[in-house]
Amino acid sequence: MILKRIKIIPVLFLLPSLLFLGVFVYIPLIQNFYNSFFDFSVFSQSKEFVGFKHFIELFNDKVIVIALINNIKYAVISVIFQVFFALVLASILEDRLFRKFAPALRVIYFIPVMVSISVIALLFSFIYNPQMGLLNSFLELIHLEELAKPWLGNAETAIYSVIAMSQWQSIGFITMLFIVAIQKIPKELYEAAEIDGAGKVRNFFSITVPQVKETMFVNVLITVTGSILVFNEPYILTNGGPGVSSMTLSVHMYQLGFFKDNMGYASAVATLIFMLSAIFAITQIRISGTGKDD
Amino acid sequence: MTLVNVDKSVSAVKESPFSKFKSRWKAKLTVSGGLIYLGLLLFAFIILYPLYWMFISSFKSYDEIYNNVWSLPQVWHFENYTTAWSKGISSYFVNSLFVTISTIILVVLIGSMAAFVLSRYRTKWIDIALIFMIGGLMMNPQVALIPLFEILSWANLINTHWALILSYVAFRLPLTIILIRAFFLSVPKELEESAIIDGCSEIGIYLRIYLPLSIPILITAVVLTAYFAWNEFMFATVFIDSTDLKTIPSGLMSFKDALRTDWGVLLAGMVIATIPMIILLIVLQKYLVRGLSEGSVKG
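Residue numbers (the working numbering), protein chains in the order written: chain L, 2 to 295; chain H, 43 to 341.
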């Protein structure tokens, strides 16, 4: 009797989670692979098997190359600003010199993280606006009018403008992760270094960096994965334009599927995105030891 | 005179190990420290100014936003807020509230139940279940977009709030389960042993011991889920077509299209959409930071 009860409860308690993950996470994943081998439209139920056609298409699609390059630019710039700059920022904020103002600054830097991406993107469309935009008006104010341009309407600057907005929003997030990691470093390490007369820069490189190495690695992974998946920012600000100059893989996938009604090929692009991001996600899960017992 | 001297020497002795460093720091503060301060303040300004501008401009008319970008409003158009609220933001707000609260309830309930089992039992099957849950972290909404659209259409759920709620719950469960399970593992075994002796059932142990002891981590899970569900954009845009059902992130886009150049009202809508999350940040900062750093997954 007791044995039976113990066996039923775990099943009952696990079932809802297993169902949710099965139906809305794992089945879509499998179905996406399956869909990649078919031609179909949003509106019709019938699917036509086309074999590897869509995967071959991937290699001949020039937009994929542009998108991939943009995703890589996103990743590189984000790692520089969100990981390296954020680490420096976090260690400055944790220095006792700035103890008085650090709590307030921490909250200020974190505010954009809380703001919805659609609000931020709309706000930055005001900042980048070619006529009344804050950025161009500011350049005019400091007599650098010649630098003013239609930031989002120019194929050269569009993707960088989108990336810049992401940095503005996300630096505070990574900084906070580093602050938590730095607070876990034993204070004795710094005290010992002080007695040895080590300077702050030296402390940063010989104590802080080695001690937060793991967090740093995780943060690089988060940032790179985020850059491979990035959808909201380019979709709202430029929708991949002008032309396809600020296209990213996810925006390309969305447009192929829901605007060009080429669901099969869009699924193949999604498969590519999955493969790229899964490599980083698996590494992250392994490193952070999620699910370990301690 | 002598007393003062003694006093001084006492304080000097007290400070002696550090006084040297202190004075050196003071010297540094004047040069590099000052520059760093300036940098920190400049960065704070870059973060805050656009938000300040959004707030101030939300009281302006279109002409003023266009012609006097920097100035304060000459006439404060408080009615921008009532216009924004009545022209659509109120329904987006209510929709967001419904979707967010439903998601929170389901995620925390279902997630804590699974975490309870996953933390208390060790069998081969439980291990497989745990890997199944953690594996969910690998998946991302972008890849699931098209198949989910198919599944939800097939179930006739497209263009309903359930399309969002069910997808949000599924994608938040892995992280929530991991967070809560890690906390449950630290619950002392003696407590449940005595409960079993007292005749407490499994469900009783879950309800009376594990849940009450885990309030902090449950709040963290609530805050993280709220943050995700309130701000989620892609599913909200693709799965919901009818303006009446849209949540704030996707609703703001149709709001913008409908208003055309009524920028003051649009900005007022943006401010309204932002306020709940800023309140969340200020009130529950501790839980939010803890969750974000333990979860380490971008929203």
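We put the beta carbon where it would ideally sit given N, CA and C, even for glycine.
Keep in mind that this is a model prediction, so the values were computed, not measured.
Chain-ordered chain L contacts of residue i [CB-CB under 7 Å]
i, result
"H:G75", "L98"
"H:G178", "L22 and V26"
"H:I146", "Those within 7 Å of H:I146 in chain L number zero; the least Cβ separation is about 15 Å."
Under 9 Å by beta carbon: chain L residues contacting residue i
i, result
"H:P189", "I28, P29, L30, I31, Q32, N33, Y35, N36, S268 and A271"
"H:T142", "Within chain L, no residue comes near H:T142; the closest Cβ sits about 12 Å away, beyond 9 Å."
"H:P230", "Here the premise fails: no neighbours, minimum Cβ distance about 15 Å."
"H:F226", "None at all; the shortest Cβ gap to chain L is about 11 Å."
"H:T285", "None at all; the shortest Cβ gap to chain L is about 15 Å."
Spatial neighbours of residue i in its chain, beta-carbon cut-off 8 Å, leaving aside the 5 residues before and after
i, result
"L:Q168", "I78, S79, F82 and Q83"
"L:V43", "G258, F259, D262 and M264"
"L:V213", "L88, F179, A182, I183 and I186"
"H:I314", "Y123, A126, W127, I131 and F135"
"L:I70", "none"
Beta-carbon neighbours of residue i, restricted to chain L and to distances below 8 Å
i, result
"H:K298", "L123"
"H:E106", "Correct list: empty, because the minimum Cβ distance to chain L is about 10 Å."
"H:Y163", "P11"
"H:T303", "Simply none; closest approach about 11 Å."
Proximal residues to residue i (C-beta, below 7 Å), its chain only, five neighbours per side dropped
i, result
"L:L140", "E146, L148 and A149"
"H:S51", "Low confidence applies here, because H:S51 scores a pLDDT of 39, under 50, leaving its location unreliable; read the following figure in that light. The answer is none, since no qualifying residue turns up."
"L:I280", "none"
"H:N122", "S100, F101, G306, V307 and A310"
"L:Y191", "N204 and I208"
"H:E106", "P115 and Q116"
"H:I247", "E234 and A237"
"L:D295", "With a pLDDT of 39 at L:D295, under the threshold of 50, the predicted position of this residue should be treated as unreliable, though the coordinate-derived value follows. Closer than 7 Å at Cβ, skipping near neighbours: no residue."
"H:R332", "T262"
"L:S221", "Before going further, note that residue 221 of chain L is Val rather than Ser in the sequence given. Answer for L:V221: V80 and V84, listed in chain order."
Integer Cβ distance of residue i from residue j, believed to fall under 8 Å
i, j, result
"H:I245", "L:I10", "7 Å"
"H:I320", "L:I112", "7 Å"
"L:A271", "H:V185", "5 Å"
"H:S154", "H:L260", "7 Å"
"H:N201", "H:I290", "Wrong, their Cβ atoms sit about 17 Å apart, outside the cutoff."
"L:M254", "L:I274", "7 Å"
"L:F53", "L:F39", "Not a contact, Cβ separation roughly 12 Å."
"L:L153", "L:L238", "6 Å"
"L:Y129", "L:L136", "6 Å"
"L:S37", "L:S268", "4 Å"
"H:A157", "H:F226", "5 Å"
Cross-chain neighbours of residue i in chain H, by beta carbon under 7 Å
i, result
"L:G258", "I188"
"L:S278", "N182"
"L:F275", "V185"
"L:I288", "Here the premise fails: no neighbours, minimum Cβ distance about 10 Å."
"L:A282", "L179 and M180"
"L:V221", "Ordered by position in chain H, no residue passes the 7 Å Cβ test against L:V221, which lies about 11 Å from the chain."
"L:S251", "Q184"
Interface partners of residue i on chain H, CB under 8 Å
i, result
"L:L15", "M155, A156, V159, L160 and A171"
"L:L88", "Residues of chain H passing the Cβ test: none, with the nearest at roughly 14 Å."
"L:I10", "V159, E244 and I245"
"L:A18", "Ala is not the amino acid found at residue 18 of chain L; the sequence shown has Ser there. Going along chain H in sequence order, the residues near L:S18 (Cβ under 8 Å) are I152, G153, M155, A156, M175, L215 and I219."
Proximal chain H residues relative to residue i, where beta-carbon distance stays under 9 Å
i, result
"L:P235", "What L:P235 touches in chain H: nothing, since even the nearest Cβ is about 12 Å away."
"L:I69", "The amino acid at residue 69 of chain L is misidentified as Ile; the sequence shows Leu. Within 9 Å Cβ-Cβ: nothing; L:L69 doesn't reach chain H, min ~15 Å."
"L:F218", "Near L:F218 there are no residues of chain H at all, since even the closest Cβ is about 11 Å away, more than 9 Å."
Cβ neighbours of residue i in the same chain (closer than 6 Å, five flanking residues each side left out)
i, result
"H:L199", "A205"
"L:A103", "L94"
"H:A126", "V307, A310 and G311"
"L:S171", "Q83"
"L:F85", "none"
"L:M276", "none"
9 Å Cβ cut-off: residues of chain B touching residue i
i, result
"L:P211", "This model lacks chain B altogether, as its protein chains are L and H."
(request) Select from the stretch 195-212 of chain H all residues with a C-beta closer than 8 Å to any C-beta belonging to chain L, and list them in chain order. (result) L208, S209, V211 and A212
(message) Which residues of the stretch 254-271 of chain H have a Cβ closer than 8 Å to any Cβ of chain L? Give them in chain order.
(response) Y269
(message) At a CB distance below 9 Å, what residues from the stretch 108-135 of chain H approach chain L? Give them in sequence order.
(response) Y108, N109, V111 and W112
(request) Please name the residues in the stretch 113-144 of chain L whose beta-carbon is closer than 7 Å to at least one beta-carbon of chain H, in chain order. (result) P113, M115, V116, S117, I118, S119, V120, L123, L124, I128, M133, L135 and S138
(message) Taking beta-carbon pairs under 8 Å, can you tell me which members of the stretch 147-174 of chain L lie near chain H?
(response) W169, S171, G173 and F174
(request) Please list the segments of the beta strand (DSSP E) lying wholly inside the stretch 188-263 of chain H, counting only runs of 3 or more residues, in order along the chain. (result) none
(request) Report the residue ranges of all alpha helix (DSSP H) runs contained in full by the stretch 143-181 of chain L; include only those spanning at least 4 residues, in chain order. (result) none
(request) Can you check the stretch 271-305 of chain H for any alpha helix (DSSP H) of at least 4 residues that lies completely inside it and give the ranges in chain order? (result) 276-281 and 290-301
(request) Identify every run of the alpha helix (DSSP H) within the stretch 83-111 of chain L, keeping only runs that are complete inside it and at least 4 residues long; order them along the chain. (result) 87-95
(request) Could you please tell me which residues of the stretch 100-111 of chain L, in chain order, have their CB closer than 8 Å to any CB of chain H? (result) F102, L106, V108, I109, Y110 and F111
(message) My parser needs the alpha helix (DSSP H) runs of 4 or more residues fully inside the stretch 140-192 of chain H; what are they?
(response) 166-177
(request) Could you name each continuous alpha helix (DSSP H) segment of 4 residues or more that falls completely within the stretch 109-138 of chain L, going from the start of the chain to the end? (result) 118-128
(message) Give me the subset of the stretch 78-108 of chain H whose CB atoms are less than 9 Å from a CB atom of chain L, sorted by chain position.
(response) I78, Y79, G81, L82, L83, F85, A86, I88, I89, L90, Y91, P92, L93, W95, M96, S99, I107 and Y108
(message) Beta carbons nearer than 9 Å to chain L: which residues of the stretch 312-328 of chain H have them?
(response) M312, V313, A315, T316, M319, I320, L322, L323, I324 and Q327
(request) Note down, one range per segment and in chain order, each beta strand (DSSP E) of at least 3 residues found wholly within the stretch 12-64 of chain L. (result) none
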